[in-house]
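Engineer: So the sequence shown is numbered by the numbering used here: it starts at 1457 and just counts up by one. Okay, here's the structure, questions in a sec.
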Amino acid sequence: MEHTVVCCECGKPIPLSQDIYALDGEWQRRFPSMNGTLACHDCAVGTQWSCQRPGGSEYVDGHIAASGRSQMQDFDSWSHILGNGTHRAMVIKYPGAGLRQGAEEYLRDAAQRRGVAPALARELRAAISDWDSSTAPVRLNGVSHS
Ligand SMILES: [Zn+2]
């Protein structure tokens, strides 16, 4: 993959030799300036917080429970890492973030490629069309049709 995925937290390109880490909504709540949800190893593993108040009977205010976990199962930042994997695997799995974080050309190509499973291709095309409609006003800036 020629296009570099940029970390949602530190903004640095993630080396192809490193895994990409997918972060959940609790990360986005805590770090509202995050651009996307795919992070480098150092940001994902090196960021620490506690999900629970001292005593462990309550979550901190505003806490967004990690999906699929029963109550009070979230412990710290690692509870909110959805998974990790290769660049290709992670941008295909999280195309919305991939598009925003530098894998746009790769994903557009993958959506059209022969041999890609139809369900996956549909999913990628849907993500691309969302992306296109969310960025359209920016692209059309200065071009008035009215
Ligand atoms: Zn980073």
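Ideal placement from N, C-alpha and C gives every residue a C-beta, glycine not left out. Computed from a prediction, not measured in an experiment: that's the story for all the values here.
#1: DSSP three-state call for V1547: helix, strand or coil?
#2: Drop a sphere of 10 angstroms on the beta-carbon of L1479, count the other beta-carbons inside from all chains shown, and report buried for 16 or more, exposed for fewer.
#3: Q1557 by DSSP, collapsed to three states: which one?
#4: With DSSP run on the structure shown, which of helix, strand or coil describes G1481?
#5: Quick check on R1571: buried or exposed, where buried means 16 or more other Cβ atoms within 10 Å of its Cβ?
#6: Looking at the secondary structure, which residues open and close the alpha helix (DSSP H) in which G1539 lies?
#7: At 4 residues or longer, and completely inside the segment 1464-1533: list those alpha helix (DSSP H) runs for me, N to C.
#8: Please classify V1547 as buried or exposed, where buried requires at least 16 other C-beta atoms within 10 Å of its C-beta.
#9: Compute every distance between the C-beta of C1466 and the non-hydrogen atoms of ligand 1, then say whether any falls below 6 angstroms.
#10: Can you give me the Cβ contacts of N1491 inside the same chain, cut-off strictly under 6 angstroms, excluding the 5 residues immediately before and after it?
#11: Excluding sequence positions up to five away, which residues of its chain have a Cβ less than 7 angstroms from the Cβ of R1485?
#12: Classify S1589 as buried or exposed, calling it buried when 16 or more other Cβ atoms lie within 10 Å of its own Cβ.
Structural biologist: Let me spell this out:
#1: In the sequence shown, residue 1547 corresponds to position 91, counting from 1. Looking at V1547 - three-state DSSP - the assignment turns out to be helix.
#2: As a first step, residue 1479 must be located in the sequence shown, where it is residue number 23. Counting Cβ neighbours within 10 Å, L1479 comes out buried, since at least 16 surround it.
#3: Reading the sequence shown from its first residue, position 101 is the one you call residue 1557. Three-state DSSP puts Q1557 in coil, outside helix and strand.
#4: Residue 1481 sits at position 25 when you count from the first residue of the sequence shown. Helix.
#5: Working through the sequence shown from its first residue, we reach residue 1571 at position 115. According to the sequence as given, residue 1571 is Gly; it is not Arg. With fewer than 16 Cβ atoms within 10 Å of its Cβ, G1571 is classed as exposed.
#6: In the sequence shown, counting from the first residue as 1, residue 1539 sits at position 83. Here G1539 belongs to no alpha helix (DSSP H); instead the beta strand (DSSP E) covers I1537 to G1541.
#7: 1481-1486 and 1497-1502
#8: Translated into the one-based positions of the sequence shown, residue 1547 becomes position 91. So V1547 ends up on the buried side.
#9: Residue 1466 sits at position 10 when you count from the first residue of the sequence shown. Indeed, a heavy atom of ligand 1 lies less than 6 angstroms from the Cβ.
#10: Residue numbering aside, residue 1491 sits at position 35 when the sequence shown is read from its first letter. C1464, listed in sequence order.
#11: Residue numbering aside, residue 1485 sits at position 29 when the sequence shown is read from its first letter. Cβ within range, chain order: G1518 and I1520.
#12: Numbered from 1 along the sequence shown, position 133 holds the residue referred to as residue 1589. By the neighbour-count rule (16 or more Cβ atoms within 10 Å), S1589 is not buried but exposed.
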